[in-house]
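In this note's numbering, the protein residues as written are 44 to 337.
This is the structure in structure tokens:
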């Protein structure tokens, strides 16, 4: 609904352009419309205001006293809008991505330079927490989480990585050992545990380690301890992919534990996603596909 206190924007644009060049024809050329359309918009504006803004002369226009005052105000208002728009473009809306601390440190952070290079100017905020933040207004735009069942509440989940857990250790710790290790050989090493507690399912009931386990509340800490040679860790394959590729870790067993909890990018329905959020989602999925195909 049109605000009765505000003239139509098109009429103000026509008046400002005509007042700047003192010509309906010049205003029409600047706005990409016909001279008649400009004249009609200005007449409508004058009718709404109840006063004349221009003197129509045989060879052009001149501003009335009211037109001079009004033109200065209208041009000032347009300049304010231009400055506000330029400032907004220089300070884009922040993208808010929620991930777990382990996923942030072991997978996301090494790949952020690629995102910055392919999406310059995007303001990305990483919220690393085990807590699940609400999506949408006042919350986060996207989240990466491990899920074991369907989502509710009209959310969308796109598969990022399968929940595959493998056993890894430092090459120095495995020096002189034949790999892959037999199940019974795990008993000779410290087993690095995290909050997920996958070791019983991975080893089975018959393996009893002789070295006390080290327990951490974050998978990233267990991975770092494995890199430091403190024992064997269980971790999702995606979280140790970089360390395996750089030979800081080796996979010590051919066994892969399917946890039933896969990594997903969680978002609102695609029809509701702003373009920057959609770009971040697409980048995450593309990076995962590239890694899977490597």
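Quick reminder that beta carbons are idealized off the backbone N, C-alpha and C, glycines included.
From the options, residue whose alpha carbon lies closest to that of residue i
i, options, result
"residue 236", "215, 261, 227, 217", "261"
"residue 291", "332, 144, 155, 270", "270"
"residue 266", "249, 150, 223", "150"
"residue 144", "293, 258, 174, 207", "174"
"residue 142", "123, 126, 167, 121", "167"
"residue 161", "69, 90, 327", "327"
"residue 108", "72, 120, 219, 94", "94"
"residue 170", "98, 137, 96, 268", "137"
"residue 276", "81, 259, 289", "259"
"residue 101", "66, 320, 217", "66"
Where the alpha helix (DSSP H) containing residue i begins and where it ends
i, result
"residue 152", "152-161"
"residue 333", "318-336"
"residue 72", "67-74"
"residue 283", "280-288"
"residue 97", "Looking at the DSSP string, residue 97 is not in any alpha helix (DSSP H); the run it does join, the beta strand (DSSP E), is 97-100."
"residue 304", "Note, residue 304: premise wrong, no alpha helix (DSSP H); not H, not E."
Residue j beta carbon less than 8 Å from that of residue i
i, j, result
"residue 54", "residue 74", "no"
"residue 205", "residue 305", "yes"
"residue 110", "residue 48", "no"
"residue 84", "residue 68", "no"
"residue 148", "residue 263", "yes"
"residue 50", "residue 91", "yes"
"residue 309", "residue 211", "no"
"residue 140", "residue 282", "no"
"residue 238", "residue 307", "no"
"residue 319", "residue 165", "yes"
"residue 299", "residue 207", "yes"
Exposed unless 16 or more other CB atoms sit within 10 angstroms - verdict on residue i
i, result
"residue 184", "buried"
"residue 256", "exposed"
"residue 209", "buried"
"residue 124", "exposed"
"residue 172", "exposed"
"residue 332", "exposed"
"residue 303", "exposed"
"residue 59", "buried"
Bounding residues of the beta strand (DSSP E) (the contiguous stretch that carries residue i)
i, result
"residue 83", "Segment 78-92 is the alpha helix (DSSP H) holding residue 83; no beta strand (DSSP E) there."
"residue 187", "185-190"
"residue 106", "103-106"
"residue 246", "Careful: residue 246 lies outside any beta strand (DSSP E), inside the alpha helix (DSSP H) at 242-246."
Per DSSP, cross-strand counterpart(s) of residue i
i, result
"residue 311", "198"
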